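Enquirer: Next up is a structure, given as C-alpha cells.
There are 2 protein chains.
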Amino acid sequence: MDQQLHFITFATQDLGRARGFYKDGLGWDPLMDVPGEIIFFQVAPGLVLGLFDAVKFDQDLNNQEKTLGVSGVTLSHNVGSAAEVSSTIERLAAAGATILKPAQAGAFGGIFHGHVKDPNGIIWEIAHNPGWRINSDGKVVFG
Amino acid sequence: MDQQLHFITFATQDLGRARGFYKDGLGWDPLMDVPGEIIFFQVAPGLVLGLFDAVKFDQDLNNQEKTLGVSGVTLSHNVGSAAEVSSTIERLAAAGATILKPAQAGAFGGIFHGHVKDPNGIIWEIAHNPGWRINSDGKVVFG
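Chains as they are written, first to last, in the UniProt record's numbering: chain A, 1 to 143; chain B, 1 to 143.
See below:
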C-alpha cells in the first residue's frame, strides 16, 4: 500500500454552515458541492477534503459507528511568520470559527501557533514552523 | 488563507501499536519518529500525517478538549481496481487492522470500497473510484 492519502472526510452536522465558513468566509473554491450530501475542497496536490453529511457518513460505514461529532483530530495550515499566525486566526474567527487557543509559542516542536474550531467542530491549527519546509518536489523536510 | 492543508494530526492512545502498524506492518517510512511523543509520515506532496500521543495532543490544545478517541473522520486511499480494494483490505487486516465494512459497491459516488480501523481507531477507506483522477499538476478531477 503506497504511503499516500487521497481523501480526508469529516462527518458534518451542518453542511450549510460548512459551506458558509469555507466557501463564503474563507473564499475557498469547492471542487464539487452536492447539497445535502457532501462538499469537496482540494487542499493539497492530489488530496481532497470532504465535508460529508453526518447521517450519510454513518450510513456509508454501515451504521456500525454512530458519529457523535469529530474528535481527536487536528488539521494544520502553516504560514510564513508569527504575525501571520495571529492575522490568520483573526480571519478565521471573523468567518465564524471559535478560538480554542490564541496565538502563542507551542509546547512542542519550536513552533508558534494557535487553534480554532470551525462551525462543525473541526479543529484547525495555524502555525509558523521555522524548522519545516516543502521542497520543490513536494517532499517535506524538518530541521 | 490559502486552500492548503499541511498536517493532519491524530490523538493516538498507543504510539507503539501505531509504529507497528504503519512502519512494520505497511512498510511506511517515517519522516520523523519521536518515541513517546509523535510519529510523522508524509502522505501526499507537502502533507504530513502525525500520530501524536493522546495525552500530549490534549496538552497541546490547552486541555480544553478531552480526547476520548478519534471519531467522525475517515482517511481514504484510492487504488486502481476493485480487486485491489479487496487485496489492500486483506493486507491491512494482516497488519492488524479491524475490518469495519468488507469490500463492496459503495452507496455514494459510484465507487467500490471497504473500511478498516487501525489499532488506534483511525478509520481508513480503501476505494476504487473510476470517476476520480489526479492530473500531472496535482489537480484532482471528478467525472
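Here a beta-carbon is modelled for each residue, glycine too, at the ideal position from N, C-alpha and C.
A quick note: this is a predicted structure, and the numbers were derived from the prediction, not measured.
Can you give the Cα-Cα distance for residue 117 (chain A) and residue 57 (chain B), rounded to whole angstroms?
Expert: As a first step, residue 117 (chain A) must be located in the first sequence, where it is residue number 117. As a first step, residue 57 (chain B) must be located in the second sequence, where it is residue number 57. Taking the straight line from one Cα to the other gives about 15 Å.
Enquirer: Since residue 108 (chain A) meets chain B, which of its residues come closer than 8 Å, beta carbon to beta carbon?
Expert: Start at 1 with the first residue of the first sequence, and residue 108 (chain A) comes out as number 108. Here the neighbours are 37, 38, 56 and 60.
Enquirer: Tell me the DSSP secondary structure of residue 125 (chain B) in three-state form.
Expert: On the second sequence, residue 125 (chain B) is found 125 positions in, with the first residue counted as 1. The answer is strand: DSSP assigns residue 125 (chain B) an E or B state.
Enquirer: Going straight from the alpha carbon of residue 102 (chain A) to that of residue 91 (chain A), what length do you get?
Expert: Position 102 of the first sequence holds residue 102 (chain A). Position 91 of the first sequence holds residue 91 (chain A). Near 13 Å, if we compare the C-alpha coordinates of residue 91 (chain A) and residue 102 (chain A).
Enquirer: Between which two residues does the beta strand (DSSP E) holding residue 101 (chain B) run?
Expert: In the second sequence, residue 101 (chain B) corresponds to position 101, counting from 1. From DSSP, the beta strand (DSSP E) with residue 101 (chain B) extends over 98-105.
Enquirer: Please confirm whether residue 124 (chain A) and residue 75 (chain A) have their CB atoms less than 8 Å apart.
Expert: If you number the first sequence from 1, residue 124 (chain A) lands on position 124. If you number the first sequence from 1, residue 75 (chain A) lands on position 75. Yes, the pair counts as a contact, with Cβ atoms nearer than the cut-off.
Enquirer: Given a threshold of 16 other Cβ atoms within 10 Å of its Cβ, counted over all protein chains shown, does residue 81 (chain B) qualify as buried or as exposed?
Expert: On the second sequence, residue 81 (chain B) is found 81 positions in, with the first residue counted as 1. Answer is exposed; the Cβ neighbour count stays below 16.
Enquirer: Give the single residue among A:18, A:25 and A:46 whose Cα lies nearest to the Cα of residue 35 (chain A).
Expert: Counted from its first residue, the first sequence places residue 35 (chain A) at position 35. Closest option to residue 35 (chain A), Cα to Cα, is A:18.
Enquirer: Could you please give me the residues that DSSP links to residue 53 (chain A) through a beta bridge?
Expert: What you label residue 53 (chain A) is simply residue 53 of the first sequence in a count that begins at 1. BP columns for residue 53 (chain A) point to A:12.
Enquirer: Please go through the same chain and pick out, in chain order, the residues whose beta-carbon is closer than 8 Å to the beta-carbon of residue 109 (chain A), but skip the five residues on each side of it.
Expert: Within the first sequence, the letter at position 109 stands for residue 109 (chain A). Within the same chain, residue 109 (chain A) has close Cβ partners 129 and 131.
Enquirer: Mind checking which residues open and close the alpha helix (DSSP H) that includes residue 82 (chain A)?
Expert: Within the first sequence, residue 82 (chain A) is the residue found at index 82, counting from 1. Unbroken alpha helix (DSSP H) run through residue 82 (chain A): 82-94.
Enquirer: Could you tell me which chain B residues have their CB closer than 7 Å to the CB of residue 138 (chain A), listed as they occur along the chain?
Expert: The residue labelled residue 138 (chain A) in the question sits at position 138 within the first sequence. Simply 45 and 46.
Enquirer: Identify whether residue 60 (chain A) lies in helix, strand or coil by the three-state DSSP scheme.
Expert: Counting from one through the first sequence, the residue named residue 60 (chain A) turns up at place 60. Residue state, collapsed to three classes: helix.
Enquirer: Do you know offhand how far residue 49 (chain A)'s Cα is from residue 73 (chain B)'s?
Expert: Locating residue 49 (chain A) in the first sequence gives position 49, counting from the first residue. Locating residue 73 (chain B) in the second sequence gives position 73, counting from the first residue. Roughly 11 Å between the two C-alpha positions.
Enquirer: Answer yes or no: does any C-beta atom of chain B fall closer than 8 Å to that of residue 73 (chain A)?
Expert: If you number the first sequence from 1, residue 73 (chain A) lands on position 73. Chain B, which has a Cβ nearer than 8 Å to the Cβ of residue 73 (chain A), makes this yes.
Enquirer: For residue 38 (chain B), which option in B:71, B:26 and B:53 has the closest C-alpha, if you only look at C-alpha atoms?
Expert: On the second sequence, residue 38 (chain B) is found 38 positions in, with the first residue counted as 1. Minimum Cα distance to residue 38 (chain B) is reached at B:53.
Enquirer: Who pairs with residue 71 (chain B) in a beta bridge, going by DSSP?
Expert: Taking the second sequence and counting its residues from 1, the one referred to as residue 71 (chain B) is at position 71. A:71.
Enquirer: Flag residue 63 (chain A) as yes if its beta-carbon sits less than 8 Å from any beta-carbon of chain B, otherwise no.
Expert: Along the first sequence, one-based indexing puts residue 63 (chain A) at 63. No - not a single Cβ of chain B is within 8 Å of the one on residue 63 (chain A).
Enquirer: How many angstroms separate the CA atom of residue 126 (chain A) from the CA atom of residue 83 (chain A)?
Expert: Start at 1 with the first residue of the first sequence, and residue 126 (chain A) comes out as number 126. Start at 1 with the first residue of the first sequence, and residue 83 (chain A) comes out as number 83. Near 11 Å, if we compare the C-alpha coordinates of residue 83 (chain A) and residue 126 (chain A).
Enquirer: Under 8 Å by Cβ, that's how I've got residue 46 (chain B) and residue 6 (chain B) pegged, so tell me the actual separation to the nearest angstrom.
Expert: As a working note, residue 46 (chain B) is residue 46 in the second sequence. As a working note, residue 6 (chain B) is residue 6 in the second sequence. About 7 Å; that satisfies the 8 Å criterion.
Enquirer: Alpha carbon to alpha carbon, how far is residue 61 (chain A) from residue 20 (chain A)? Give it in angstroms, no decimals.
Expert: Mapped onto the first sequence, residue 20 (chain A) falls at position 20. Mapped onto the first sequence, residue 61 (chain A) falls at position 61. In a straight line, the C-alpha of residue 20 (chain A) is about 27 Å away from that of residue 61 (chain A).
Enquirer: Thinking C-beta only, is residue 11 (chain A) closer than 8 Å to residue 67 (chain A)?
Expert: By one-based count along the first sequence, residue 67 (chain A) stands at place 67. By one-based count along the first sequence, residue 11 (chain A) stands at place 11. Their beta carbons are under 8 Å apart, which means residue 67 (chain A) touches residue 11 (chain A) by this criterion.
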